Amino acid sequence: MQKLKHVAIIMDGNGRWAKKQGFMERIKGHEVGASVVRDLTIHASNIGLEYLTLYAFSTENWKRPLPEISFLMMLLDKYLQKELALFMENGIRFETIGDLSKLSDTLQKRIQDTKEKTAHFDGLTQVLAINYGSKDEILRAVNKAVECGEKVDEAGFDALLDTQNKPPVDIMIRTGGDHRLSNFLLWQAAYSELFFTDTLWPDFTIKEFDTIVKKFQKVERRFGGIK
Ligand code: FPP
0 MQKLKHVAII MDGNGRWAKK QGFMERIKGH EVGASVVRDL TIHASNIGLE YLTLYAFSTE
60 NWKRPLPEIS FLMMLLDKYL QKELALFMEN GIRFETIGDL SKLSDTLQKR IQDTKEKTAH
120 FDGLTQVLAI NYGSKDEILR AVNKAVECGE KVDEAGFDAL LDTQNKPPVD IMIRTGGDHR
180 LSNFLLWQAA YSELFFTDTL WPDFTIKEFD TIVKKFQKVE RRFGGIK
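If you count the sequence shown from 1, position 8 lands on 7 in numbering that gives the first Met the number 0, and the numbers rise without skipping.
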């Protein structure tokens, strides 16, 4: 059976979910989506998963209407404020990937505070990708390498990425029906098992997550070799 350490998820379909339910505002989907994040985080912690990385806001999401961006930023702040207790109770470490410098001072402070308060935990690590894009992450890493003036090998490059010290992504899930990676963990997903589901993120369940994990455990991973 495959050892599972790291699951990454593109949580797509919030806007369509809201429309389908008859809500006037797309943001209702994000709000319900945040409660799915909570349920899944508890489950991931209970099954002993090491890393759960979630795409919360991409470098491209700044193209959205300002009220939606503001709502997402407010939701992230509210989420961290509320879920600190959950992290503390369940021994969950909180980390981020992405360029946080473009976020408000208040949100940056909340993120920093949550990281510091949970840094000593060694159960599940929940990683939120905020203002994250793989191309941006890779370019920042390349520029760091150039500044050092030394050639890097694969391990050296890994260490320059936002995901430094995190295991490779075993399972990559995208909800919402599209079959693309949308600038998410392009380097890290080199040998991930990809799972695409039509389920819209707010409808995603623990049961569907477990079905994906079961499928993953049956996959023969060869990493370019032969068995
Ligand atoms: C994509 O759905 C989703 C996002 C851009 C934001 C993801 C945010 C959440 C799931 C909620 C907040 C998360 C946390 C951790 C508090 P979409 O809006 O593009 O959906 P659509 O394709 O149906 O329009």
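The beta-carbon is built from N, C-alpha and C at its ideal position, and this holds for glycine as well. Computed from a predicted structure; not experimentally measured.
message: Output needed for M171: all residues of its chain with C-beta closer than 6 Å, excluding positions within five of it in sequence on either side, in chain order.
response: By one-based count along the sequence shown, residue 171 stands at place 172. Closer than 6 Å at the Cβ level, and outside the excluded window around M171, lie A7, A188, S191 and L193.
- prompt: What is the DSSP secondary structure of L74, reduced to helix, strand or coil?
  reply: Numbered from its first residue, the sequence shown carries residue 74 at position 75. Residue state, collapsed to three classes: helix.
query: What are the complete alpha helix (DSSP H) segments, minimum 4 residues, inside the stretch 98-179?
result: Runs found: 104-117, 133-147 and 153-157.
- request: Give a single yes or no on whether W200 has its beta carbon closer than 7 Å to a heavy atom of the ligand FPP.
  value: Here residue 200 refers to the residue found at position 201 when the sequence shown is read from its first residue. Yes, since a heavy atom of the ligand FPP falls inside the 7 Å radius drawn around the Cβ of W200.
message: Distance check for K101 and H29, CA to CA, integer angstroms please.
response: To locate residue 29, count along the sequence shown from 1; it is residue 30. To locate residue 101, count along the sequence shown from 1; it is residue 102. Cα-Cα distance, rounded: 21 Å.
task: Go to F194, then tell me how far its beta strand (DSSP E) extends in each direction, as first and last residue.
output: On the sequence shown, position 195 is the one that residue 194 refers to. Note, F194: beta strand (DSSP E), E192 to F195.
- request: Put L249 into one of helix, strand or coil per three-state DSSP.
  value: Residue 249 falls outside the range modelled here, since the chain spans only 0 to 226, and no answer is possible.
- request: Could you please give the first and the last residue of the uninterrupted alpha helix (DSSP H) stretch that includes I91?
  value: Within the sequence shown, the letter at position 92 stands for residue 91. First-last for I91: undefined, no H or E at that position.
query: So does the stretch 121-129 actually touch the stretch 49-69, counting three or more Cβ pairs closer than 8 Å?
result: yes
query: Is it buried or exposed for E285, if we count other Cβ within 10 angstroms and need 16 for buried?
result: The question about residue 285 has no answer, for the chain in this structure spans 0 to 226.
- prompt: Can the beta-carbon of E59 be found closer than 8 Å to that of R25?
  reply: Start at 1 with the first residue of the sequence shown, and residue 59 comes out as number 60. Start at 1 with the first residue of the sequence shown, and residue 25 comes out as number 26. Not a contact, by the Cβ cut-off of 8 Å.
- request: Report yes if the C-beta of V6 is less than 7 Å from at least one heavy atom of the ligand FPP; otherwise report no.
  value: Locating residue 6 in the sequence shown gives position 7, where the first residue counts as 1. Every heavy atom of the ligand FPP is 7 Å or more from the Cβ of V6, so no.
- request: Would you tell me roughly how many angstroms separate the C-alpha atoms of F22 and R15, rounded to the nearest one?
  value: Here the question's residue 22 lines up with position 23 in the sequence shown. Here the question's residue 15 lines up with position 16 in the sequence shown. In a straight line, the C-alpha of F22 is about 10 Å away from that of R15.
query: Comparing alpha-carbon positions, which option in R109, R37 and Q107 lies nearest L85?
result: Locating residue 85 in the sequence shown gives position 86, where the first residue counts as 1. Residue R37 is the option with its Cα nearest to L85.
message: Relative to the C-alpha of K77, which candidate in A158, Q107, G155 and F195 has its C-alpha closest?
response: Against the sequence shown, residue 77 aligns to sequence position 78. For K77, the closest alpha carbon among the candidates A158, Q107, G155 and F195 is that of Q107.
message: Contact criterion: CB-CB distance below 8 Å. Does T204 meet it with respect to chain D?
response: Of the protein chains in the structure, only one exists, and it is not chain D.
field: N-terminal and C-terminal residue of the alpha helix (DSSP H) that L51 is part of
entry: Counting from one through the sequence shown, the residue named residue 51 turns up at place 52. Counted as a single uninterrupted DSSP element, the stretch harbouring L51 is not any alpha helix (DSSP H) but the beta strand (DSSP E) occupying residues Y50 to S57.
task: Could you give the DSSP three-state label for I41: helix, strand or coil?
output: As a working note, residue 41 is residue 42 in the sequence shown. DSSP places I41 in helix when its eight states are reduced to three.
task: Look at the Cβ atom of L71, then the Cβ atom of S133, and state whether they are nearer than 8 Å.
output: By 1-based counting over the sequence shown, the position of residue 71 is 72. By 1-based counting over the sequence shown, the position of residue 133 is 134. Contact: no.
- request: Please indicate yes or no: does the CB of G28 lie closer than 7 Å to some heavy atom of the ligand FPP?
  value: Within the sequence shown, residue 28 is the residue found at index 29, counting from 1. G28: yes, Cβ under 7 Å from the ligand FPP.
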